[in-house]
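Report on the following structure.
Chains as they are written, first to last, in the UniProt record's numbering: chain A, 1 to 271; chain B, 1 to 271.
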């Protein structure tokens, strides 16, 4: 089975995909759009895509990609992120003049990096790509922030570990496929996208309906539609005990929304 | 008056600050945290900070900075973003081998950049910083994505304009200060942060209250609190016709929330 990931071996996407699919060939993609295209064209049977993070919030453009390529969410996975600082062996923190990593990883290690004086920060496409480049070019004085797996895979030495600001920093990954999986009795979570008119109370009516039907809200985000200033689009995750509760709610909610789209029905994961 | 911005002269922050403050000395900051610190320490009387974008959504870490440094929002401003591709004079699109810009600008011009084959994309801290560096080092074959103002300020030639994906791409900036401005009759919008228990319907009860009191929701986003999995934090913008409506709603909403914080009361801006 071929699974598209963003980044290369040793990336956090690779870790998430390995946990989700025991035997799979990874299709390494440079960008999230290439990942979506790979699944859309059937070059990969599934994709594993980061969709949000406990610090930076949702990766909103990825919701847009799922809609653009009409992909559905069939599973989710929370990966605890433990960032390590790594470099060519034999160096200490004092030798490091430059730190390379993905912008999200640099952001998550901000207090640690603020304490390093006179250190240049360089953004890269992928955490593991920085590690590989340092090894290949034997770059001294340059460190990367990535997972401990990337350090062992590319044979760099870990100088500092667990350097992220929040002790519990998790990234939420979703499995995306071209067609829905048949719903099972295990399905207890759904991701929805809907549009309401900009009138006081239209969202609260929808959320009350969900509450009445026993649906628990686990995420909500309004998405501005600048070219249509009186419309609002929302991405919402709901959890439920029985699939029938969800189906009942969906039947009624459609009359309260202008557009209503189920982005996926799947089994909720825990951290 | 000293106003802290993120980036240098010619950056979009600079443009927003110039529109908001007619006569001000800009305090150029490398990072959003330095901007917040400059205002916190009184080195600047105000800061102008990007807080969201119509494509990428909220800049969630900036809400965190406002809370960390206890800054209040006193105004908002929407800046329409028209990205231009610019380079040393005398070059055409075919000469460009590398495009530099802020990750957000690169993201916003994705379809345009996808059409350029064999072009390397390089992320920089600031759109205008890339422009300045290209000019200073007379870099041929390298283009930057930035505003037309940056092109004229640093004397680069515009090769292509309005290259962003969405015709109407706007960034929302807020003015942040150390202390609230006295509310005026003009105040008709507020940014709130509150925490609810994770029970079905607790958010819908709050939103119904807002609707009943005549408050219009213009933004909502749930923020995960990973270390406290049964609590939810929300950032909400509400608009109202009379300040008294808002004050009435606030008095009642406190009993429905665990923590409730007014991040600012100000006059709503339009695009």
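Glycine is no exception: its CB is placed at the ideal position from the N, C-alpha and C atoms.
Listed as beta-bridge partners of residue 158 of chain B by DSSP are B:86.
Distance from the CA atom of residue 191 of chain A to the CA atom of residue 168 of chain B, rounded to whole angstroms, is 27 Å. In this structure, residue 173 of chain A places its C-beta atom within 7 Å of the C-beta atom of residue 50 of chain A.
The Cβ atoms of residue 109 of chain B and residue 81 of chain B lie no closer than 7 Å to each other.
With a contact defined as Cβ atoms closer than 8 Å, residue 248 of chain B and residue 125 of chain B miss out at about 44 Å. At a cut-off of 7 Å between C-beta atoms, residue 96 of chain A does not count as an interface residue with respect to chain B. Counting only residues of its own chain and dropping the five nearest sequence neighbours on each side, residue 48 of chain B has a CB closer than 7 Å to the CB of 3, 5, 13, 16, 17, 20, 173, 175.
Taking residue 160 of chain A as reference, the option from A:85, A:194, A:184 with the minimal CA-CA separation is A:85. Taking the C-beta atoms as reference points, residue 204 of chain B is found nearer than 7 Å to residue 208 of chain A. One Cα belongs to residue 67 of chain A, the other to residue 45 of chain B, and the distance between them is close to 43 Å. The three-state reading of DSSP puts residue 165 of chain B in coil, since its state is none of H, G, I, E or B. Cβ-Cβ separation between residue 78 of chain B and residue 170 of chain B: approximately 5 Å, consistent with a contact (criterion under 8 Å). Residue burial annotation: residue 1 of chain B is exposed, with fewer than 16 other C-beta atoms found within 10 angstroms of its C-beta. Annotated three-state conformation of residue 1 of chain B is coil, per DSSP.
Closest in C-alpha terms to residue 63 of chain A, from the list A:241, A:221, A:268, A:257, comes A:221. Residue environment for residue 185 of chain B: exposed (fewer than 16 other C-beta atoms within 10 angstroms of its C-beta).
Collapsing the DSSP output to three states places residue 120 of chain B in a strand. DSSP links residue 47 of chain A through a beta bridge to A:4, A:176. Contact annotation: residue 266 of chain B and residue 75 of chain B have beta-carbon atoms nearer than 7 Å. With respect to the 7 Å criterion, residue 257 of chain B and residue 197 of chain B are not classified as neighbours on the basis of their beta carbons.
For the C-beta of residue 76 of chain B, not a single chain A residue is nearer than 9 Å; the gap to the nearest is close to 13 Å.
Looking at the backbone, the Cα of residue 114 of chain A and that of residue 38 of chain B are separated by about 15 Å.
Per DSSP, residue 264 of chain A is one residue of the beta strand (DSSP E) stretching across 259-266. For residue 221 of chain A, a Cβ of chain B is located within less than 7 Å of the residue's own Cβ.
Ranked by how close their Cα comes to the Cα of residue 91 of chain B, the residues B:140, B:218, B:105 have B:140 in first place. The beta carbon of residue 164 of chain B sits closer than 6 Å to the beta carbons of 83, 108, 109 from its chain, once the five residues preceding and following it are set aside; these are given in chain order.
Around the C-beta of residue 111 of chain B, fewer than 16 other C-beta atoms lie within 10 Å, and the residue is accordingly described as exposed. For residue 224 of chain B against residue 103 of chain A, the beta-carbon gap comes to about 20 Å, at or over 8 Å, which does not count as contact. Listed in chain order, the positions of the stretch 88-118 of chain A with a beta carbon within less than 8 Å of a beta carbon of chain B are 103, 107, 110, 114. By the C-beta density criterion, residue 147 of chain B is buried, having at least 16 other C-beta atoms within 10 angstroms. Taking C-alpha positions only, residue 87 of chain A is separated from residue 158 of chain A by approximately 7 Å.
Per DSSP, the unbroken alpha helix (DSSP H) holding residue 103 of chain A starts and ends at 103-108. In the three-state DSSP reduction, residue 135 of chain B falls in the helix class (H, G or I). Looking from the CA of residue 218 of chain A, the closest CA among A:233, A:128, A:211, A:239 belongs to A:239. With respect to the C-alpha of residue 43 of chain A, the residue from A:178, A:96, A:135, A:270 having the closest C-alpha is A:178.
In the displayed model, residue 237 of chain A falls within a strand according to three-state DSSP.
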